[in-house]
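*Asks:* Just dropping this structure here.
Protein chains: 2
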Amino acid sequence: MDNTTRQQLVATTSRLLEAQGYHGTGLSQIIRESGAPRGSLYYYFPDGKEELAAAAIAEQGARMRDFTAQLLNEVADPVAAVDRVLVGLIEHFSASQYCGGAPLAAVALETAAHNPRLRTACTAAYNDMIDVFTAKLRAGGYPPTRAMRLATVIVAGIEGAVILSRTQQSTAPLALLREEVSILLRCDNTSPQAGNTVAHR
Amino acid sequence: MDNTTRQQLVATTSRLLEAQGYHGTGLSQIIRESGAPRGSLYYYFPDGKEELAAAAIAEQGARMRDFTAQLLNEVADPVAAVDRVLVGLIEHFSASQYCGGAPLAAVALETAAHNPRLRTACTAAYNDMIDVFTAKLRAGGYPPTRAMRLATVIVAGIEGAVILSRTQQSTAPLALLREEVSILLRCDNTSPQAGNTVAHR
């Protein structure tokens, strides 16, 4: 057996987890849609579905991180760079017929309470995303604490806006998020009307 | 059969959908955990699981809307009122052992692409939430377009922050969202550094 079979199994699992969640995805469907022989699944993933899902989550996390980092690196200004990511996400979401863009959200929600292994894999993937935004914002002059806070809220906003956009079958919620994130990042929250006593930026 | 049986079925379904999603929730488990006789399920819900889930989504939507509206009404100032909702949500999330707070997110993600009936039910529930925030922000002086945009982003932020908070088993992402939402709502985005040409507030 070669590594291509393993990759086919992981790629098929990633796609099915995004579209229908962990519980909705059975091993039979993964084998059928990947075209991999049944024996290969337990050869590469002795623990079965859970181990395969953990590998798929890690791969999706790496893909989200690389997609984000690449777009952030295209633009020097941090506000424009974050905007570039949101534009790229909206394009990806449209191209996916309104079902892509949050590959881990469903599996994260289903497994957080009951499956420590998959919960940990999701946490690591989301933390990678948050770290990529944080690094860009810090490099762009935001203080570390604020950069991390903004990065977390941007990732949360993306996940939630994809949920709304999927249910509406529309890019509108993502487009609204894009506008408000831009306002938030440009906001001078050290001014009195920002209501903060600590200067962040 | 009385209405209590119907209510037990819907309440049990609501709880299970939140914790494990649509595909992870079987009719046998709903019947077992609700204590309702099997016959009652098809008496009240002839279409079975899908109809029951639609009723559960509508009920959860009404509960989210009422929870939000009640907290928003406790405070006159719109910024403080939205903050009150987020504090209430953080309290609810903590009390639920880090598994509550986004009752529709999992079912919305799983069914958006394939189940128009449940997708429509989720859209209606989310729109109710957005409308409640929009009304409060408009009453507090935000122009209609901006109020709707902020309301959508607040609801998206809540859904996404709950995903991150569930995976981290921590209230931290919700607390970070609370801080940034407060900054965003206070931000004077008509100033030049806000980078907007249209005056919103």
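Protein sequence lines, in the order shown, are assigned to chains L and W.
Residue numbering for the first sequence follows my numbering, starting at 1 and increasing by one per position.
Residue numbering for the second sequence follows my numbering, starting at 202 and increasing by one per position.
For glycine and all other residues, C-beta sits at the position ideal for the given N, C-alpha and C.
Is the beta carbon of L:Glu18 sitting closer than 7 Å to the one on W:Gly222?
*Replies:* By one-based count along the first sequence, residue 18 of chain L stands at place 18. By one-based count along the second sequence, residue 222 of chain W stands at place 21. Not in contact: L:Glu18 and W:Gly222 (Cβ atoms no closer than 7 Å).
*Asks:* Would you kindly check if the distance between the Cβ of W:Ser241 and the Cβ of W:Thr206 is under 7 Å?
*Replies:* Counted from its first residue, the second sequence places residue 206 of chain W at position 5. Counted from its first residue, the second sequence places residue 241 of chain W at position 40. Yes, they are a contact pair.
*Asks:* Report yes or no: is there a C-beta of chain L within less than 7 Å of the C-beta of W:Arg266?
*Replies:* For the purposes of this step, residue 266 of chain W is taken as residue 65 along the second sequence, with counting starting at 1. By this cut-off, W:Arg266 is not an interface position.
*Asks:* Under 9 Å between beta-carbons, which chain L residues line up against W:Leu287? List them in chain order, please.
*Replies:* Indexing the second sequence from 1 puts residue 287 of chain W at position 86. Near W:Leu287 there are no residues of chain L at all, since even the closest Cβ is about 12 Å away, more than 9 Å.
*Asks:* W:His293 lies in the alpha helix (DSSP H); which residues open and close that run?
*Replies:* For this step, residue 293 of chain W is matched to residue 92 along the second sequence. Per DSSP, the continuous alpha helix (DSSP H) segment holding W:His293 begins and ends at Pro279 to Ala296.
*Asks:* Taking 7 Å as the threshold (beta carbon to beta carbon), is L:Ile163 in contact with chain W?
*Replies:* What you label residue 163 of chain L is simply residue 163 of the first sequence in a count that begins at 1. Yes, L:Ile163 counts as interfacial toward chain W.
*Asks:* May I ask whether a heavy atom of the ligand FAD can be found less than 6 Å away from the beta carbon of L:Leu174?
*Replies:* Looking at this structure, you won't find the ligand FAD or any other ligand, since it has none at all.
*Asks:* Three or more C-beta pairs closer than 8 Å, one from the segment 139-158 of chain L and one from the segment 335-342 of chain W: is that the case here?
*Replies:* no
*Asks:* Among L:Tyr44, L:Leu185 and L:Leu52, which has the Cα closest to the Cα of L:Gly141?
*Replies:* Mapped onto the first sequence, residue 141 of chain L falls at position 141. Answer by Cα proximity: L:Leu185.
*Asks:* How far does the alpha helix (DSSP H) with L:Phe67 in it reach, from first residue to last?
*Replies:* Within the first sequence, residue 67 of chain L is the residue found at index 67, counting from 1. In the DSSP annotation of this structure, the continuous segment of the alpha helix (DSSP H) that includes L:Phe67 starts and ends at Lys49 to Asn73.
*Asks:* Just checking: is the beta-carbon of L:Tyr126 within a distance shorter than 7 Å of some beta-carbon in chain W?
*Replies:* Along the first sequence, read from residue 1 onward, the residue named residue 126 of chain L stands at position 126. Residue-level contact by beta carbon holds for L:Tyr126 and chain W, with a gap shorter than 7 Å.
*Asks:* Along the chain, which unbroken stretches of the alpha helix (DSSP H) at least 4 residues long are found entirely within the segment 107-147 of chain L?
*Replies:* 116-139
*Asks:* Between L:Gly195 and the rest of its own chain, which residues show a CB-CB distance below 6 Å, the 5 nearest in sequence each way excluded?
*Replies:* Residue 195 of chain L sits at position 195 when you count from the first residue of the first sequence. In this prediction, L:Gly195 scores a pLDDT of 39, lower than 50, which makes its location untrustworthy; the coordinate-derived value is nonetheless stated afterwards. So the list is empty, once near-sequence residues are dropped.
*Asks:* How many Å lie between L:Asp47 and L:Ile31 at the Cα?
*Replies:* Numbered from its first residue, the first sequence carries residue 47 of chain L at position 47. Numbered from its first residue, the first sequence carries residue 31 of chain L at position 31. Those two C-alpha atoms are separated by around 15 Å.
*Asks:* Within 10 Å of its beta-carbon, does L:Tyr126 have 16 or more other beta-carbons around it, so buried, or fewer, so exposed?
*Replies:* For the purposes of this step, residue 126 of chain L is taken as residue 126 along the first sequence, with counting starting at 1. Around the beta carbon of L:Tyr126, 16 or more other beta carbons sit within 10 angstroms, so the residue counts as buried.
*Asks:* Would you tell me roughly how many angstroms separate the C-alpha atoms of W:Gly227 and W:Thr269, rounded to the nearest one?
*Replies:* Along the second sequence, read from residue 1 onward, the residue named residue 227 of chain W stands at position 26. Along the second sequence, read from residue 1 onward, the residue named residue 269 of chain W stands at position 68. If you take the alpha carbons of W:Gly227 and W:Thr269, they lie about 30 Å apart.
*Asks:* Tell me whether the beta-carbon of L:Gly88 lies closer than 7 Å to the beta-carbon of L:Val162.
*Replies:* Position 88 of the first sequence, counted from the start, is the residue given in the question as residue 88 of chain L. Position 162 of the first sequence, counted from the start, is the residue given in the question as residue 162 of chain L. In this structure, L:Val162 does not lie closer than 7 Å to L:Gly88 by Cβ.
*Asks:* Going by beta-carbon coordinates alone, are L:Val155 and L:Met129 separated by less than 7 Å?
*Replies:* Counting from one through the first sequence, the residue named residue 155 of chain L turns up at place 155. Counting from one through the first sequence, the residue named residue 129 of chain L turns up at place 129. The answer is yes: Cβ separation under 7 Å.
*Asks:* If we call anything under 7 Å between Cβ atoms a contact, is W:Leu375 one with W:Ile258?
*Replies:* For the purposes of this step, residue 375 of chain W is taken as the residue at position 174 of the second sequence. For the purposes of this step, residue 258 of chain W is taken as the residue at position 57 of the second sequence. No. Outside cutoff.
*Asks:* Using a beta-carbon distance cut-off of less than 9 Å, what residues from the segment 25-56 of chain L approach chain W?
*Replies:* Taking a C-beta cut-off of 9 Å against chain W, the contacting residues of the segment 25-56 of chain L are Thr25, listed in chain order.
*Asks:* Leaving out five residues before and five after L:Asp202 in sequence, what residues of the same chain have Cβ atoms less than 7 Å from its Cβ?
*Replies:* Chain L is shown only over 1 to 201; residue 202 of chain L falls outside these bounds and no answer can be derived.
*Asks:* By the three-class DSSP mapping on this structure, what secondary structure does W:Gly301 have?
*Replies:* The sequence position of residue 301 of chain W within the second sequence is 100, counting from 1. It is coil, neither helix nor strand.
*Asks:* Given L:Ala55, which residues of its chain have a CB within under 6 Å of its CB, disregarding the five upstream and five downstream residues?
*Replies:* Mapped onto the first sequence, residue 55 of chain L falls at position 55. Taken in chain order, the residues that qualify are Val10.
*Asks:* Return the residue from the list W:Arg318, W:Ala340, W:Glu260 and W:Cys388 that minimises the CA-CA distance to W:Val276.
*Replies:* Taking the second sequence and counting its residues from 1, the one referred to as residue 276 of chain W is at position 75. The residue with the shortest Cα to Cα distance from W:Val276 is W:Ala340.
*Asks:* Buried or exposed, going by whether 16 or more other CB atoms sit within 10 Å of the CB of W:Leu217?
*Replies:* The count along the second sequence starts at 1 and reaches residue 217 of chain W at position 16. A residue is called buried once 16 or more other Cβ atoms fall within 10 Å of its Cβ, and W:Leu217 is buried on that count.
*Asks:* When you compare the CB of L:Glu59 with every CB in chain W, is at least one pair closer than 7 Å?
*Replies:* Indexing the first sequence from 1 puts residue 59 of chain L at position 59. L:Glu59 does not count as touching chain W.
*Asks:* At 9 Å on the CB atoms, spell out the chain W contacts of L:Arg117, in chain order.
*Replies:* Here residue 117 of chain L refers to the residue found at position 117 of the first sequence. Those within 9 Å of L:Arg117 in chain W number zero; the least Cβ separation is about 12 Å.
*Asks:* Could you give the DSSP three-state label for L:Gly35: helix, strand or coil?
*Replies:* As a first step, residue 35 of chain L must be located in the first sequence, where it is residue number 35. Residue state, collapsed to three classes: coil.
*Asks:* Let me see if you follow: with CB-CB separation under 7 Å, is L:Ile154 close to chain W or not?
*Replies:* For the purposes of this step, residue 154 of chain L is taken as residue 154 along the first sequence, with counting starting at 1. Cβ-Cβ to chain W under 7 Å: no for L:Ile154.
*Asks:* So is L:Arg63 buried or exposed if we call it buried at 16+ other beta carbons inside 10 Å?
*Replies:* Start at 1 with the first residue of the first sequence, and residue 63 of chain L comes out as number 63. By the neighbour-count definition (other C-beta atoms within 10 Å, threshold 16), L:Arg63 is an exposed residue.
*Asks:* Name the residue from L:Leu164, L:Asn3, L:Gln8 and L:Thr120 whose alpha carbon lies nearest to the alpha carbon of L:Gly35.
*Replies:* Within the first sequence, numbered from 1, the residue matching residue 35 of chain L stands at position 35. The candidate whose alpha carbon is nearest that of L:Gly35 is L:Gln8.
*Asks:* Could you check which residue in L:His114, L:Asp77 and L:Gln97 has the C-alpha nearest to that of W:Cys300?
*Replies:* Start at 1 with the first residue of the second sequence, and residue 300 of chain W comes out as number 99. The option with the nearest alpha carbon to W:Cys300 is L:His114.
*Asks:* From L:Ser165 to W:Glu360, what distance separates their C-alpha atoms?
*Replies:* For the purposes of this step, residue 165 of chain L is taken as residue 165 along the first sequence, with counting starting at 1. For the purposes of this step, residue 360 of chain W is taken as residue 159 along the second sequence, with counting starting at 1. Rounded to the nearest angstrom, the two C-alpha atoms are 12 Å apart.
*Asks:* Shortest alpha-carbon distance to L:Arg65 belongs to which of L:Phe93, L:Thr171 and L:Ala124?
*Replies:* Numbered from its first residue, the first sequence carries residue 65 of chain L at position 65. The residue with the shortest Cα to Cα distance from L:Arg65 is L:Ala124.
*Asks:* So, L:Thr13 versus L:Leu52, is the Cβ gap smaller than 7 Å?
*Replies:* Stepping through the first sequence from its first residue, residue 13 of chain L is reached at position 13. Stepping through the first sequence from its first residue, residue 52 of chain L is reached at position 52. Yes. Within cutoff.
*Asks:* Tell me whether W:Ser371 sits in a helix, a strand or coil according to DSSP, three-state version.
*Replies:* The sequence position of residue 371 of chain W within the second sequence is 170, counting from 1. Here W:Ser371 sits in coil by DSSP.
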